[in-house]
Structure formats: C-alpha cells, structure tokens
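Input: a single structure, listed below in structure tokens.
Protein chains in written order, with the numbering used here: chain X, 1 to 222; chain S, 1001 to 1077.
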C-alpha cells in the first residue's frame, strides 16, 4: 500500500503518522504543501496533526486552500482514501470533504490527555479491526476539537452510520460526543484523537495500531 | 478602496471566548451583561475598482466558514 503524508508549515505529527503507516507495512512518501500533485499510485493520503500555517484565520482554513489540498480533494473525489487527524480533521472540514466545523473547546482550555473512545462502527476500512462498541484509549491534544454541525447534518451522520468514534467522556463539548466521522463512501476519515500516538508499545498504549493495520491490510489485499 | 469584514459566530453556536469575557465583566462588577459574542474584523486594502461582490466571494471562499460564522461587508473609499 502506498501512502502520502502531507507536510504543512506548522505540521507536528507528520513524522509520527509516517512511522505509524510504515510500522503497519505501508510505503510512505512525505509531500510538501506547495507541491501540486500527489505521487503516482498513492492509495491513502494522511493529513497530520499540528498547527498548519499557525492556525491563522481559523484552524485548517489556509491549509485547505494550499496547492496540495486541491490534489487531496481530487484524490478523494476519485474514491481515494484520506485520513485526517486533529489539525488534519480541521483541514478536511475546511476543504468540504467532511461536513461540519471544529470550534474552540467548550472549556476554553487546550487539552492533552488520553481519553476513552467508543468505536461506533466497524463498517469502514479504518475501523474494521475493532468491534462496534469497543472502548479504546487514544490521546487527544487540541484546543479546537469541539465538533459542530447543524441538526440535519448530525442526523444524517447518525442515519448513515458515519460516526466512526465518540468520546466516552466528552472533553471538548463536541455535538453528539463526536470524535471522528466518515465520508459518504467511508473512505475519508477525520478524527480529533491521535491514533498514531498509540501505535507503538513505547507510546504507553497500542490501541491505535489496529486502525493502521486494518487500512494497510484492506488496501494491500484489494 | 477599503473593505471591512466582520466575522461572527452564528447564533446558537457556543462562543466560549465570549462567555469567558462575560464572566470577567461580571467579576469586575459590571452587572447586566447578558451575553458577549466575540468575533473578528478583517480590513482589506483594495485596488481601485474592487467590488463588494469580489469581497463577498473572498468571504465565502476563505474569510468566513459559513458552517459556523456569519459575515458582513462594509465598503468605503
């Protein structure tokens, strides 16, 4: 499986994400934000956590207009896989690949800790390594992780089984406890928690590993 | 030409920063502040001939996220 990890000025989880993909068996290329094309034959694009462009204007807003993001959007529109984590999730909502927006945490504080996530669906190539209802421990580290969408969008996400993860103890005020959502074709996943920071025994937890292994497995055997 | 764009969170969207300011005003003894919304102002210096329609497009495509924010545009010479 071939993966590309996008690097923006201000990305800080790009290498972690690359290592997590590689540990799961992927062949990874890092791609600079000013590049306007993805490497040929890429299966999945990782949009990493961090503070792209310093979060100026709004988190993810300027990154969403970068040259590489036009190619990421085209890749998704062709049915390609895109995994956006933390700031990457914010970028995917700003590009319109996923609905909603991420607001300042309801408690106003930056939160960095490990939280419980409930796997809401195993029906995606990202979450097939878990059972629906499993509770896993994954770190969060964000200031703007409060997921917001209007009632109609929340109902659509619920009705189409597109909520991938919810918080067991909502840390940031997210509507419907949402921590991660899928696109209609289930190939774009955006999530605020960091599975790449729980993908190696040295991290103190390995509950994120199954996500990378499942994705790599699904795309390698496809 | 100048344009001034006001961007505000929509009504119904929690504004935790505004709430923090409201609490602080109450703690300072300013009674009767029932709500505070905090937004941003973006000033654009534009070449002659720029139109409000162009600024509106800038708002729609970048300056505001219309999922959560409203905006208004004021043009001046």
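Don't be surprised by glycine CBs; every beta carbon is placed ideally from N, CA and C. Since the structure is predicted, the reported quantities are computational estimates derived from the model, not experimental observations.
Inspect the beta-carbon positions of residue 208/X and residue 138/X and report whether they are closer than 7 Å. Taking the first residue of the first chain as position 1, residue 208/X is located at position 208. Taking the first residue of the first chain as position 1, residue 138/X is located at position 138. Yes, these two residues count as a Cβ contact at 7 Å.
Who are the near neighbours of residue 141/X in its chain, counting only those whose CB is closer than 6 Å to its CB and skipping five residues on each side? Position 141 of the first chain, counting from 1, holds the residue named residue 141/X. These residues qualify, in order along the chain: 112.
Run down chain X in chain order and give the residues with a C-beta less than 9 Å from the C-beta of residue 1011/S. Your numbering for residue 1011/S matches position 11 in the second chain. Within chain X, no residue comes near residue 1011/S; the closest Cβ sits about 12 Å away, beyond 9 Å.
Assign residue 201/X to one of three DSSP states: helix, strand, or coil. Translated into positions along the first chain, residue 201/X becomes position 201. Looking at residue 201/X - three-state DSSP - the assignment turns out to be helix.
When you compare each of 114/X, 146/X, 75/X, 98/X to residue 157/X by their alpha carbons, which one comes out closest? Here residue 157/X refers to the residue found at position 157 when the first chain is read from its first residue. Answer by Cα proximity: 98/X.
Using a C-beta to C-beta distance shorter than 9 Å, which residues of chain S count as neighbours of residue 148/X? Taking the first residue of the first chain as 1, we reach residue 148/X at position 148. Those are 1013, 1014, 1067, 1068, listed as they occur along chain S.
Where residue 58/X meets chain S, residues with beta-carbon distance less than 8 Å: Working through the first chain from its first residue, we reach residue 58/X at position 58. Going along chain S in sequence order, the residues near residue 58/X (Cβ under 8 Å) are 1065.
In its own chain, which residues sit with a C-beta less than 8 Å from the C-beta of residue 105/X, not counting the 5 before and 5 after it? Here residue 105/X refers to the residue found at position 105 when the first chain is read from its first residue. Counting only Cβ-Cβ distances below 8 Å, and skipping sequence neighbours, we find 111, 142, 143, 144, 145, 146, 171, 172, 173.
Tell me the rounded alpha-carbon separation between residue 3/X and residue 132/X. Against the first chain, residue 3/X aligns to sequence position 3. Against the first chain, residue 132/X aligns to sequence position 132. If you take the alpha carbons of residue 3/X and residue 132/X, they lie about 26 Å apart.
Would you give the residue range spanned by the beta strand (DSSP E) that residue 1069/S belongs to? For the purposes of this step, residue 1069/S is identified with residue 69 of the second chain, where counting begins at 1. Segment 1069-1076, the beta strand (DSSP E) holding residue 1069/S.
Can you tell me the Cα-Cα spacing of residue 1070/S and residue 1003/S, whole angstroms? If you number the second chain from 1, residue 1070/S lands on position 70. If you number the second chain from 1, residue 1003/S lands on position 3. Their Cα atoms are separated by approximately 16 Å.
Just how far apart, CA to CA, sit residue 1026/S and residue 127/X? Taking the second chain and counting its residues from 1, one reaches residue 1026/S at position 26. Taking the first chain and counting its residues from 1, one reaches residue 127/X at position 127. Looking at the backbone, the Cα of residue 1026/S and that of residue 127/X are separated by about 47 Å.
Using three-state DSSP, classify residue 62/X as helix, strand or coil. Translated into the one-based positions of the first chain, residue 62/X becomes position 62. Coil, per DSSP.
So residue 1020/S contacts chain X; which residues on that side make the cut at Cβ distance below 7 Å? The residue you call residue 1020/S lines up with position 20 of the second chain. Here the neighbours are 108.
How far does the beta strand (DSSP E) with residue 146/X in it reach, from first residue to last? Locating residue 146/X in the first chain gives position 146, where the first residue counts as 1. Per DSSP, residue 146/X belongs to the beta strand (DSSP E) from 146-148.
Quick one: residues in its chain with C-beta nearer than 7 Å to the C-beta of residue 1063/S, no 5 flanking neighbours on either side, listed in chain order? Here residue 1063/S refers to the residue found at position 63 when the second chain is read from its first residue. For residue 1063/S, where only same-chain residues beyond five positions count, the Cβ hits under 7 Å are 1005, 1007, 1042, 1071.
For residue 104/X, which residues in chain S fall below 9 Å Cβ to Cβ? On the first chain, position 104 is the one that residue 104/X refers to. Chain S residues near residue 104/X: 1014, 1015, 1016, 1017.
Helix, strand or coil: which one does DSSP assign to residue 118/X? Stepping through the first chain from its first residue, residue 118/X is reached at position 118. The answer is strand: DSSP assigns residue 118/X an E or B state.
Step through the CB atoms of chain S and report whether any lies within less than 7 Å of the CB of residue 101/X. For the purposes of this step, residue 101/X is taken as the residue at position 101 of the first chain. Yes, its Cβ sits closer than 7 Å to a Cβ of chain S.
CB-CB under 7 Å to residue 120/X, same chain, minus the five flanking residues each way: which ones, in chain order? Along the first chain, one-based indexing puts residue 120/X at 120. The residues are 132, 163, 164, 165, 166.
Residue 173/X touches chain S at which residues, Cβ-Cβ below 9 Å? Start at 1 with the first residue of the first chain, and residue 173/X comes out as number 173. Here the neighbours are 1014, 1016.
Cβ neighbours of residue 20/X in the same chain (closer than 6 Å, five flanking residues each side left out): For this step, residue 20/X is matched to residue 20 along the first chain. These residues qualify, in order along the chain: 196, 199, 212.
Along the chain, where does the beta strand (DSSP E) containing residue 1016/S start, and where does it finish? The sequence position of residue 1016/S within the second chain is 16, counting from 1. Not the beta strand (DSSP E): residue 1016/S falls in the alpha helix (DSSP H), residues 1016-1027.
List the residues that DSSP assigns as beta-bridge partners of residue 1004/S. Indexing the second chain from 1 puts residue 1004/S at position 4. The partner list for residue 1004/S (beta bridge, DSSP) reads 1043/S, 1074/S.
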